[in-house]
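In my numbering, the protein residues as written are 9 to 84. No residue lacks a Cβ here, since even glycine has one placed at the ideal position from N, Cα and C. Small disclaimer: the values here were computed from a predicted structure and weren't measured. Have a look at the structure below, then the notes.
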C-alpha cells in the first residue's frame with residue numbers, strides 16, 4: 009500500500025499551485041490595468057510568484073534527494 013503524502017510535501021505542492029494562480033492573476037490584472045500603479049502591483053505579484061516558485065522547487069528537489077517525495081501522475 010502506498011504511503012500517504014507527507015504534510016510537508018502537501019504544503020510544497022500547494023505553494024506551487026498558489027504560484028501558478030499568482031502568475032495568472034498578475035497576467036490578467038496587467039492586461040486589464042488602466043494605470044501605472046496597477047502595473048507596479050501586478051509586476052510585484054509576478055516577481056514574488058516566481059521567487060516563491062523557485063524556492064518551492066528547490067525544496068521539492070531536496071525532499072526528492074532525501075527520498076521523502078513520492079512521484080505520482082500529478083504535475084507537482
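In whole angstroms, what is the alpha-carbon distance linking residue 68 and residue 77?
Residue 68 sits at position 60 when you count from the first residue of the chain shown. Residue 77 sits at position 69 when you count from the first residue of the chain shown. Rounded to whole angstroms, residue 68 to residue 77 spans 7 Å at the Cα level.
Would you grab the beta carbon distance between residue 38 and residue 47 for me? Rounded to a whole angstrom, and I think it's under 8 Å.
Numbered from its first residue, the chain shown carries residue 38 at position 30. Numbered from its first residue, the chain shown carries residue 47 at position 39. That pair is a contact at about 6 Å.
Can the beta-carbon of residue 34 be found less than 8 Å from the beta-carbon of residue 63?
Numbered from its first residue, the chain shown carries residue 34 at position 26. Numbered from its first residue, the chain shown carries residue 63 at position 55. The answer is no: Cβ separation not under 8 Å.
Does residue 49 have its Cβ less than 8 Å from a Cβ in chain C?
In the structure shown, chain C cannot be found, because there is only a single protein chain.
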